[in-house]
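Counting from 233, one number per residue, gives the positions in the sequence shown under our numbering. Cβ atoms here follow ideal geometry from the backbone N, Cα and C, with glycine treated the same way.
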Amino acid sequence: MPLVSFLLNALWLVTGGIWMALGWLLAAVLMALSIIGLPWARSALTIAHYTLLPFGQTAVRRDEFRGREDLGTGAVGFIGNVIWFVLAGWWLALGHLAAAVALAITIIGLPFAWAHLKLALLALWPVGTEIVPAEDADRRRMVGRA
């Protein structure tokens, strides 16, 4: 992890990132406890890790990143996102939104508020996305432009 990402992640933890990661972890546990929610539990754990250390990683659409559709990027993924939104997405998004508003009050908190806003959007509609290192996403975008 580059030094800048390390420092931003350390500040992120202090400015509330750990609490939202625990929210994602709670969502994963609740999903795992209900048999119906098992398909979303692993994804919630992955996003909990991303929420804990977001700098140096990014969320990308899986079909755009891999160049092909799969089960989570088609109609089944749409239905999965609707179910996720009803069960956990809206309250996780509200948590990220509240953290963003609180952090946006200060100048130093603006980059962290922006990260919370991106996570709020991810919380609403996560099925069909993948968390990848930022360098891999940048490299893929450059190849796509060529």
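Rounded to the nearest whole angstrom, the C-alpha separation of ILE337 and ALA345 is 9 angstroms.
Per DSSP, ALA347 is one residue of the alpha helix (DSSP H) stretching across 342–356. Boundaries of the beta strand (DSSP E) around PRO365: 361–365. The C-beta separation of PRO358 from SER275 comes to about 6 angstroms, placing the pair in contact by the 8 angstroms criterion. Straight through space, the alpha carbons of ILE268 and ALA366 are spaced by roughly 32 angstroms. Going by DSSP, ARG293 is part of the beta strand (DSSP E) stretching over 289–293. Burial state of PRO234 is exposed, judged by a 10 Å Cβ sphere holding fewer than 16 other Cβ atoms.
Counting only runs of at least 4 residues, the region 269–332 fully encloses the following alpha helix (DSSP H) elements, listed from N- to C-terminal order: 270–284, 294–298 and 307–316.
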